[in-house]
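Novice: Below: one structure in structure tokens.
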Amino acid sequence: MRTPVFFIVALLCGLAVFGAALWTANDYVFYAGYVVLHFIVLATAWNILGGYCGYVNFGSAAFFAMGAYSTIALHKLGTNVGRYFPEAIAPVAGLIMPLPVPVLILIGGCVAGLVGLGTGYLTLRLRGAFFAIATLALAVVLQTLVINWDFVGGARGAYVIAPQTLAIGGFELRYIHYLALIMIVLVVIALTVARLIERSRLGYGFASIRDDELAAEACGVPTLRLKLIATTISGALMGMAGAPFPYYINYLDPASAFNLSYGVNSIAMPMIGGTTSWIGPLVGAIIIATLQQWMTVTFSSEWGVLFAGALLIAFVILAPKGIVGHVQDFLRQRRQSRTGR
Amino acid sequence: MTRPLLEVANLGKRFGGFVALEGINLSVNEGERVGLIGPNGSGKSTLVNCVCGTLVNETGTVYFDGQDMNGLTAHERTHRGMARSFQLPRPFGSLTVADNLRIPMIYTVNARAHTAVKTHERTHLSPAEIDARCAELLGLVGLADKADKFPRDLTQIEMRKLELARAMAADPKLLIADESMAGLSQSEVADIVALLIKLNERGITIILIEHIMSAVMSFSQRIVVLVSGRKIADGRPDAVVNDPQVIGAYLGQ
């Protein structure tokens with residue numbers, strides 16, 4: 171399937187899901203669905219660096235929080251234009267501010283993408299466990315910076331009160347429906363990017379880096395440049411997943427934006443679903459995030475993280491190829507036994 | 002055909018206090034078949050790594066095809082026409098045999114077509130041309146029926162052949178084969194030597210690093226001997242093996 175066709179088909183599927191959710195006439199479906207959707211974006215983004223390139227990122231929360239906090243900063247600027255802008259610029263700023271969520275997503279993506287590029291440069295020669303430790307350290311450093319940045323609320327956190335409804339072209343839309351729609355589009359974009367990479371020369375290059383970086387370099391693969399491309403794309407998508415989050419949660423503090431659950435989930439979901447194709451993170455995220463939502467309302471949200479961790483360990487030991495990988499193996503074997511090879 | 006393709010001038014490399022290479026001068030002509038031998042730890046692999054850009058040499062210069070290679074990364078040198086195989090095969094394990102060959106075609110042959118590296122007059126390969134070249138190369142090394150297999154399904158000699166085919170897929174001028182025959186049986190060694198000679202007849206300059214003397218003797222037009230990071234002999238095979246210094250280095254004085 172060609173990429174534009176895939177994009178449209180995926181978008182139609184997403185809209186069908188949205189329509190089905192509307193039909194239930196239950197807002198909880200949207201609140202839970204939003205979480206599942208933003209985890210699909212996070213898992214897909216993680217997989218571009220972790221699954222395709224083989225660089226395990228433990229600091230997903232940092233990129234996610236960069237997106238969320240760029241939104242908080244811009245929201246605060248936008249709601250207090252007269253206070254933060256000089257008089258000469260204030261009327262102009264008042265015209266474009268507060269910025270709509272899609273623009274905030276783009277900005278959050280750029281900020282997190284730059285952080286990703288910086289991470290790539292700083293960790294040039296780090297591989298394996300050392301790269302993972304460096305990304306974990308990055309999350310701690312950024313969290314400390316945000317805690318001490320009073321403008322975005324510091325350790326107290328910040329309130330971002332979203333309106334109840336949004337009028338688009340004379341059409342009243344409930345805000346949670348609007349956020350869910352935006353997330354669906356974001357999921358479709360993330361999946362399209364991942365699928366496009368997988369099938370392009372970039373995908374071959376990433377796979378060669380994952381398998382053997384020295385041999386890749388000897389084959390003419392510019393490993394450093396490709397690594398930077400991967401950290402940037404992966405970081406940008408994570409930031410885009412985080413940018414609308416303040417409008418969803420309405421109150422955000424560093425402890426929840428940099429929460430361990432983002433790091434754990436964005437590793438667990440692709441590993442459980444399968445890291446070699448774009449379908450893996452999608453499957454993993456839908457299964458894990460849905461079960462976690464069920465656990466949150468049935469037991470408590472802490473059980474969700476424990477569950478993802480336990481399942482991750484089980485899969486790494488028992489089924490390292492993930493659900494999609496093992497299904498593909500099974501289908502290949504069946505095909506071969508049929509053709510008699 | 003006597004223009005030097007590779008020139009190594011006064012090359013030196015240390016690891017901490019250990020002198021791995023010192024004052025190495027080496028010239029390899031276009032189309033030549035050179036054997037590089039020396040006892041374990043004599044600096045053969047270090048020399049290969051310095052020439053290919055995997056390691057950075059401290060002194061001296063590597064000239065390839067008239068260009069100064071100092072400061073170029075390994076992949077930039079591959080783009081300019083150097084290719085190597087590794088001592089221990091390092092295939093891309095998650096890719097099929099055919100896809101292993103696609104990597105250098107996409108990233109070296111097609112990168113040459115894009116960038117200003119005009120060492121080869123090549124154009125961009127289409128996916129169909131890449132497929133055709135894969136099939137041709139796999140046929141040449143005798144892995145035609147393994148195209149869809151994964152490296153883990155290959156035998157030791159097939160793995161070595163894949164290693165050579167992948168180096169060849171970059172369409173190089175110079176092929177450096179680092180111990181392509183270690184651990185193979187006598188008939189398999191002869192198989193690889195025949196393959197290397199076939200590649201040489203296609204106009205590729207080859208440097209063979211090898212411990213198996215029979216293979217080096219039958220393959221090489223010239224032999225270079227390294228001992229303790231220095232070059233002690235450089236000449237025709239029969240002259241080199243009778244050189245008292247070489248005999249001393251191998252058998253002990």
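Protein sequence lines, in the order shown, are assigned to chains A and B.
Under this note's numbering, think of the first position of the first sequence as 171, with each following residue one higher.
Under this note's numbering, think of the first position of the second sequence as 2, with each following residue one higher.
Cβ coordinates follow ideal geometry from the N, Cα and C atoms, glycine included.
Do the segment 4–13 of chain B and the segment 59–72 of chain B meet, that is, are 3 or more Cβ pairs less than 8 Å apart?
Specialist: Result yes; three or more Cβ-Cβ pairs closer than 8 Å.
Novice: Residues in the same chain with beta-carbon distance under 6 Å from L227(B), minus the five sequence neighbours each way, listed in chain order, please.
Specialist: Answer for L227(B): G39, S43, G44, K45, listed in chain order.
Novice: So that I know if they touch, is there some Cβ in chain B lying closer than 8 Å to that of S378(A)?
Specialist: It does: the Cβ of S378(A) has a partner Cβ on chain B nearer than 8 Å.
Novice: From Q157(B) to G140(B), what distance separates their C-alpha atoms?
Specialist: Those two C-alpha atoms are separated by around 18 Å.
Novice: For a cutoff of 8 Å on Cβ pairs, would you count E368(A) as touching chain B?
Specialist: So no, E368(A) is outside the interface.
Novice: How would you call A240(B), buried or exposed, if buried means at least 16 neighbouring beta carbons within 10 angstroms?
Specialist: Result: exposed.
Novice: Let me see if you follow: with CB-CB separation under 8 Å, is D381(A) close to chain B or not?
Specialist: Closer than 8 Å to some Cβ of chain B, the Cβ of D381(A) qualifies, so yes.
Novice: With C-beta atoms as the reference, is Q222(B) less than 8 Å away from E77(B)?
Specialist: For Q222(B) and E77(B), no; Cβs fall outside 8 Å.
Novice: What residues from chain B crowd round G433(A), counting only those whose CB sits closer than 7 Å?
Specialist: Near G433(A) there are no residues of chain B at all, since even the closest Cβ is about 25 Å away, more than 7 Å.
Novice: Contact defined as beta carbons within less than 8 Å: I believe A237(A) pairs with G450(A). What is the distance between those atoms, to the nearest angstrom?
Specialist: What sits at residue 237(A) in the sequence shown is Gly, not Ala. About 23 Å; that fails the 8 Å criterion.
Novice: Taking the alpha carbon of V355(A) as the point to measure from, which residue in T509(A), G286(A), L207(A) has its own alpha carbon closest?
Specialist: Minimum Cα distance to V355(A) is reached at L207(A).
Novice: What's the C-alpha gap between P152(B) and A337(A)?
Specialist: Those two C-alpha atoms are separated by around 58 Å.
Novice: What distance in whole Å lies between the Cβ atoms of A350(A) and G203(A), which are believed to be in contact at a cut-off of 8 Å?
Specialist: Sure, about 6 Å apart at Cβ, within 8 Å.
Novice: Express the C-alpha separation of R365(A) and T109(B) in angstroms, rounding to a whole number.
Specialist: Their backbone Cα atoms lie some 24 Å apart in a straight line.
Novice: Please list the partners that P392(A) has in chain B, where partner means a Cβ-to-Cβ separation under 7 Å.
Specialist: Per Cβ cutoff of 7 Å: H76.
Novice: Using three-state DSSP, classify R103(B) as helix, strand or coil.
Specialist: Three-state result, R103(B): helix.
Novice: Just how far apart, CA to CA, sit G17(B) and V49(B)?
Specialist: For G17(B) and V49(B), the distance between alpha carbons rounds to 19 Å.
Novice: Since A216(B) contacts M182(B) with CB under 8 Å, what's their CB separation in whole angstroms?
Specialist: About 6 Å; that satisfies the 8 Å criterion.
Novice: Three or more beta-carbon pairs under 8 Å between the segment 476–484 of chain A and the segment 12–29 of chain B, yes or no?
Specialist: They do not touch, by the three-pair rule.
Novice: Taking L115(A) as the reference, which of P128(B), S229(B), D192(B), A75(B) has the closest Cα?
Specialist: Here chain A covers residues 171 to 511 and nothing more, so residue 115(A) does not appear.
Novice: Is the segment 437–448 of chain A touching the segment 210–227 of chain A, taking contact as three or more C-beta pairs under 8 Å?
Specialist: Cβ pair count under 8 Å is three or more, so yes.
Novice: Using beta carbons (cut-off 8 Å, strictly below), is C51(B) in contact with chain A?
Specialist: For C51(B), the answer is no, since every Cβ of chain A falls outside 8 Å of its Cβ.
Novice: Skipping 5 residues on each side, what residues in its chain have a beta carbon closer than 7 Å to that of M160(B)?
Specialist: Excluding positions up to five away in sequence, the list reads P90, P92, P152.
Novice: If contacts are defined as beta-carbon pairs under 8 Å, then A272(B) and L197(B) qualify, I think. What distance do you get, rounded to the angstrom?
Specialist: Outside the modelled stretch of chain B, which goes from 2 to 254, sits residue 272(B), for which no answer is possible.
Novice: Are the segment 302–319 of chain A and the segment 225–233 of chain A in contact at 8 Å, needing three or more beta carbon pairs?
Specialist: These segments touch.
Novice: Using CA coordinates, which residue listed in N420(A), W473(A), R504(A), A425(A) is at the minimum distance from V330(A)?
Specialist: When each option's Cα is compared against that of V330(A), the closest is N420(A).
Novice: If we cut at 8 Å on Cβ distances, does P128(B) have a partner in chain A?
Specialist: Judged by the 8 Å Cβ criterion, P128(B) is not in contact with chain A.
Novice: Could you give the C-beta distance for V363(A) and I403(A), rounded to a whole number, given that I count them as a contact under 8 Å?
Specialist: Confirmed, Cβ separation roughly 7 Å.
Novice: Let me know if Q187(B) comes out buried or exposed under the rule of 16 or more other beta-carbons within 10 Å of its beta-carbon.
Specialist: Burial call: exposed.
Novice: Note the first and the last residue of the continuous beta strand (DSSP E) segment covering R91(B).
Specialist: Careful: R91(B) lies outside any beta strand (DSSP E) and carries neither H nor E.
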